[in-house]
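Residue 1007 is where the sequence shown ends in the working numbering, and the numbering goes up by one at each step.
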Amino acid sequence: MKTVLPDRQQSLVQWVSQATGINTFGVKVRLRGNDLHILCEGTECPQRWRTLSDLLQALQQTNLDILTSNEQPSIYQVFVYGRRKGEQRPKWCHRVYLNQIEKHLEQVQQALLVDSEKSKQSGGALIVSNESLARQGNPEAIARYLSETLSILGVSVYVKIKPYKSKNSQPEENRLWIFCQSSYSPDASLLAEPIAQKLRYLKLSGYQDAIIVSQVSGETAPDWLLRVDLTPPEVMLKEWARWGDVQAIARLLTEVLSSLKVAVQTSVKESTLHIFCTPAFDPLGTAPIPDKVVCLEAILPQLEAIAPQGILAATVYGQKAGDKQPTWIDWLALPAAKHPVFATSPLDLANTGDQPAIIFLLERLLNPDLDWRLLTGGIRVLLLNKNDLLHIMCDAPVCPGRQQVVNKVTQFIRQLKIPGIMGVRVYGRRAGNKEPFWNYGVDLEHRQRLVPEATPEFAATSKYVNDLVTSETNEPILRPNLTTEEIQSFVTEVARDWMVTASATAKKFLLKSQLFTESQQSAEHKPNVQGLKIALVWGTLGLLLTLQTDWVLGQIIAWTTPTPKVASVLPSSSSGQKASLISGKTQSEKQTFFTSTSKTKSPPNQSSVFNASEFTQSDDPPTENLAAAPLKEKATATAILLAARSQMPSFNVRQLDEQLALYKQRLARTGSPPNVLIIGSSRALRGIDPAALSKALATQGYPNLDVFNFGINGATAQVVDFVIRHVLEPSELPKIIIWADGARAFNGGREDITFKSIAASAGYKQAFQKAPTTANSNDSPENQVSSGEQKIKEEKQEISTYEAVNHSLNQALASLSASYQNRDQIKSLLQKQLLMLGRNQTVTSQKQLTDGTSDESTSQQAVDFDGFLPLSIRFNPARYYQKHSRVPGNYDNDYKSFQVEGEQDAAFQEVLQFTQSQKISLVFVNMPLTEDYLDPVRTQYEQEFQQYMLHLATNPNFIYRDLSQQWSKANDYFSDPSHLNRFGAYEVSKKLANDPMIPWPAK
């Protein structure tokens, strides 16, 4: 709410006091928008008509704008209140239009001649409302009319009419500009619909649209802009009636027959319009039946002018409202019966891709309330067909809600089956904006694309194509924007200057080093003595640096060599992986040494002093011992080497490359696919232990089953579909697949970063280009391995003389180097340091070394040869959230715009069809989550996912198992709020092995 300045307020108070004779202590004034509020109070309530008479006479002789601040907008009306001092509410209130003071005076003078009771009944002079004056198109009257609503909100209004010439239409048209100014920034949704309703209610002629500009007082740039469609309601009704809309036709016929006191009801059956004419008002049942001739003479011209699409004939009935049988019937032929172009229904036209028909059907679908559309303009639709995508823009005075639009539009387009359209992109924006506020996309068919499509540009309106509501350069309230060409030239000039400066600086630096010369200089001139001296200096420095580096590395290796001897002495549970590297005798001696020097003996399978990272345990309270499968040898180095040697191009996802390399190695070693394949995201990678599952199945009568975990961080349904159907051959798949994941992998509303990376890779292209080769697939892995070994032997026999000389020189230099013999240790040390450096960059505190979690996770962030990632970290909320932010579900990107429909659902359907055709049992396991993770938002999404999965569980060869809340309070089974550790993976593996619904294969 805006008030006048203190000095101006004092002037207004004094002016009112002098005009009415009321003491200045009994006068209060306040300005809100374009309204001036005057409160008059005293020991007795001031007389209404006497006070108004004095005030109106003063208003005739005074310009109120002189008494107010220069920045204050013009005053259109004055509200005068009267009350007794001490009371909260005024006893009377009177509104005065400043453009009709003479008529107000006449009314007040007549009221003073009689008592107040009679004055209420006598009309006196007729006060013309601002609405009546605004209907004539006067800008000032329109501003006064709008200020009646907006001044309550503290918004002042100024209206201006400006000629506008559209780029696509030759005649010049008028455009209504409405400037709203306030001391704050009102939300567009607060003002949009009230302004649109009031403007459209006026039924202004000569204006196609109005532009609303909101601006904060004192600022030069507008806060926001809004376009209001001023198309008259009658024109909107005729547009829809032209397409055969029953409600629009009924409205038009009702307007025509209302003067005849006839009510109309309509309905359409097949291609015939049925019109029922009844008396408009007949409470006693005595009104006469509408006359047949009069009704037909009024109806027929209207229907011929409308020529409704797809309606061939009309049947008109005359009857009373309660009668079951009509008194008279007549049949009319419509233009569609004579002209075939009108005979096709809008739905049939839309199926062929006719854009006007699609626009009508979508607008009718999105505007079920016809009255609301006529009142505000409703939701308008713009279409753009680009390549194989149909882009649909929905705009309204208030941006349409995503949930309100998306489902209706996509379902409707799916039903149409427009030829050539493989996907739909839906956008929403406020009318007049160029850029959408939100967007949604769904593919109707599988599309080969490597990069996401860019949002196309839509015009601000369908009438003014390429005309965007930006700013008016000749209006001082709006700041002109730079054009695209000006911005592009400015950026180009800056980039050119930067490139020239950077090139000159780099060239100058390289020339000063004297390692480079100008390219224009002749290359045949003899080098001078100065150049030889510089080359000698640089060569000597390089040699010294090499020797110094070699010596330093040798010293580092000498210092670090004793450390592994002590650190490798661990209890059997953690040292079992290194048993092949040290002899049994040496290991026994080291264990004897530690047990003899320890005050308290530890059981051989426990570690009370050292953790798995060979650091001392933290001071946290001891945790209970949990069951888990023994740790296996890490396979990361082997996977990296196999992936590097693979002939298959990379998929741009390192973990997919490495998991595929391990899986291929398993196939080559065993000669057949594993009995059980586990696949999914990181929740599968960490959540199901193949060794524990195989052991538990053995106890259930399924011995020696081979299980492999093909989990990939960030894998979604699209990624799983790609791996199963395109990366792996059908002969490489087992007869049962365990898909372990959750709702996040099926969210079609978020961006699938992992799949986009894969789709942009060379491996993705090759996977779709390769043709099946039966001969190669039937070759036994043993033969392939043996042939590879034979090639290696042949290569060893063909060592050239050059390689022999090179080998001898390497040996000679090695004898002089202090670090050459220990180069493998240097490499391992550098890799360890780089891993620790990368780990330290992602944490927020150096105290993790004492947590027993950071170094353990660093040492264990590697899968074993079964593809499983075992983590021993236990989730402790009090400590976890000291280092990581607590992200609620409504801010979690994994659940962003959550919906199970879309591209993820389509991928899942492909997997279901593929596994059924290959007779592969597919078991989906909804993995456990912590109670801390399942806040109300995520719980709601999980419930939606549950319903989705239960609906699909009726498919053959598909089994759904829900473990999402199995151990929600057992934090020791989790490494973080949404991922299991090796202890939780052990429990899940046992749970699945004991599940009688899963058809485990027999060996």
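No residue lacks a Cβ here, since even glycine has one placed at the ideal position from N, Cα and C.
- Your pair R368 and D249 checks out as a contact, with CB atoms roughly 6 Å apart and the cut at 8 Å.
- Just measuring C-alpha positions, the residue of T544, G427, N629 sitting nearest R878 is N629.
- Membership of Q269 in the beta strand (DSSP E) is indicated by the continuous run 266-273.
- Look at F987 here: in three-state DSSP terms it is helix.
- Residue ranges of uninterrupted alpha helix (DSSP H) with 4 or more members, entirely inside the segment 285-363 and ordered along the chain, are 296-310, 339-342, 350-355.
- Between the segment 907-920 and the segment 872-891, the count of C-beta pairs closer than 8 Å stays below three; the two stretches do not touch.
- Below 8 Å, enough C-beta pairs join the segment 45-62 and the segment 79-94 to call them touching: three or more.
- Ranked by Cα distance from L737, the first of G322, S925, R429 is S925.
- Secondary structure note for K202: its alpha helix (DSSP H) is the uninterrupted segment 192-206.
- Fully enclosed alpha helix (DSSP H) runs of no fewer than 4 residues occupy 721-726 of the segment 695-747, in order along the chain.
- Residue ranges of uninterrupted alpha helix (DSSP H) with 4 or more members, entirely inside the segment 200-260 and ordered along the chain, are 237-246.
- With contact defined as three or more Cβ pairs closer than 8 Å, the segment 19-39 and the segment 61-72 are in contact.
- Taking C-beta separations shorter than 8 Å and ignoring five residues to either side along the sequence, the partners of V867 in its chain run K638, A639, T640, A643, E662, Q663, L666, L689, N713, L873, following chain order.
- When the beta-carbon positions are compared, D745 and Q722 stay at least 7 Å from each other.
- In the three-state scheme derived from DSSP, where H, G and I count as helix and E and B as strand, I383 is classed as coil.
- Beta-bridge annotation (DSSP): L35 is paired with L40.
- When C-beta atoms of the segment 411-423 are compared with those of the segment 190-203, fewer than three pairs fall below 8 Å, so the two segments do not count as touching.
- Q185 has its alpha-carbon roughly 6 Å from the corresponding atom of S221.
- The three-state reading of DSSP puts H98 in strand, counting E and B together.
- If you look at S136, you'll find it in the alpha helix (DSSP H) that goes 134-138.
- Beta-bridge partners of K166 (DSSP): R179.
- Under the DSSP assignment, S979 falls in the beta strand (DSSP E) whose first and last residues are 978-980.
- As summarised for the segment 880-944, the continuous beta strand (DSSP E) elements at least 3 residues long and confined to that stretch are 925-930, given in chain order.
- In the structure shown, W971 falls within a coil segment according to DSSP collapsed to helix, strand and coil.
- Counting the other CB atoms within 10 Å of its CB gives Q951 a total below 16, which places it among the exposed residues.
- A distance below 6 Å between beta-carbons, with the five flanking residues on each side excluded, links V941 to the following residues of its chain, in chain order: G893, N894.
- For P1005 against I741, the beta-carbon gap comes to about 11 Å, at or over 8 Å, which does not count as contact.
- Ranked by Cα distance from E274, the first of T348, L956, Q76 is T348.
- Between the segment 210-228 and the segment 388-398, the count of Cβ pairs shorter than 8 Å is below three; the stretches do not touch.
- In the DSSP assignment, I963 falls outside any alpha helix (DSSP H) and lies within the beta strand (DSSP E) extending over 962-966.
- A distance below 7 Å separates the beta carbons of L393 and G427.
- Distance from the CA of L838 to the CA of G436, rounded to the nearest whole angstrom, comes to 54 Å.
- For the pair G326 and K296, the CB atoms are not nearer than the 7 Å cut-off.
- Taking the Cβ atoms as the reference, N656 lies roughly 31 Å from I830, outside the contact range of under 8 Å.
- A direct Cα-to-Cα measurement between G546 and L540 gives close to 10 Å.
- Secondary structure at K994: helix, using DSSP grouped into helix, strand and coil.
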